[in-house]
Structure formats: C-alpha cells, structure tokens
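Remarks on the structure that follows.
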Amino acid sequence: MARKITIPSQDVEEAIIAFEVVRPDSRVSVHIGRVEDHDIVETVNAKPVISTIKQIMPGSQIISISIEGDYYDALMSEKPAWSNKKPEGMFNDDDLWIVVDAIREGVSLPTGKKMQAHKL
1 MARKITIPSQ
11 DVEEAIIAFE
21 VVRPDSRVSV
31 HIGRVEDHDI
41 VETVNAKPVI
51 STIKQIMPGS
61 QIISISIEGD
71 YYDALMSEKP
81 AWSNKKPEGM
91 FNDDDLWIVV
101 DAIREGVSLP
111 TGKKMQAHKL
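Here the sequence shown stands for residues 1 to 120, numbered as in my numbering.
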C-alpha cells in the first residue's frame, strides 16, 4: 500500500567533479556531485593557516549527464544566447551549468523548446 509523505526541501551545493569531451562523438560527459565545505589546517611560515576546500559529501551519488546533439552544438557554438564573448569550441564551468540545467529542465538552447534529456 502506498502512502504520501512530505520531504522538506534542502539546499545542497553541487560541483562539476569531472567532464570528458569526446569530439569524434560530439559529446561531453559531465559528472556532478554534492559537495560540502571542509576546513584544512596548513602550516605556513610556522603559523597555522586554515583553508576551506570543497569535498564530495560522503555517501553522495555522482550523477553523469551526457551533453550531445543540439545541446552539444549550443555548448560549442560561438556567442550563444547566454554569452556574447564565448569563442567557438571552448567553454567554461558556467557554460556547462547552463547546458546541464537546460537538460534537467528539458528545454533547448536558446529557444526554450522542449527536448529529450539524455542521462548516462
């Protein structure tokens, strides 16, 4: 027998853990994980220095998303709708997040037309 429960929303921080560009296949595989801040103490000039780094949360899943087709074309395009300075064939983390979010929401870039998402 099924039941309904309420799961409170959570604010989590995601990070791109790694990505792989497969040019012959016109595909970018993006691996995303939940992260948290982790303080480390280092000694610099005989004084303790605390630095904060991002660390993958223990037990969290790594999600893989495949950017291909129209999404790949948008990512690799010159001056897409979200960035008028981006050169063709190059991208940064911000560009990856824009495309990943579009895939998750099932919208194309830049028109907003519904598309099929591809998850690994």
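Ideal Cβ positions, reconstructed from N, Cα and C, are used throughout, including at glycine.
- Burial state of M1 is exposed, judged by a 10 Å Cβ sphere holding fewer than 16 other Cβ atoms.
- By the Cβ-count criterion, I7 is exposed, with fewer than 16 other Cβ atoms from all chains shown falling within 10 Å of its own Cβ.
- Short of 8 angstroms from the beta carbon of V49, and not among the five residues preceding or following it, lie these beta carbons of its own chain, in chain order: V41, E42 and T43.
- Contact between A74 and L96 is ruled out by a C-beta separation of about 11 angstroms, above the 8 angstroms threshold.
- According to the DSSP assignment, I98 belongs to the alpha helix (DSSP H) that extends over D93 to E105.
- Going by beta carbons, V100 and I56 fall outside the 9 angstroms limit.
- In the same chain as H31, and ignoring 5 residues on each side of it, the C-beta atoms closer than 6 angstroms to its own belong to I17, A18, I62 and S64, in chain order.
- Per DSSP, K4 has no beta-bridge partner at all.
- C-alpha of S51 to C-alpha of N45: approximately 15 angstroms in a straight line.
- For A18, the uninterrupted beta strand (DSSP E) segment begins and ends at E13 to V22.
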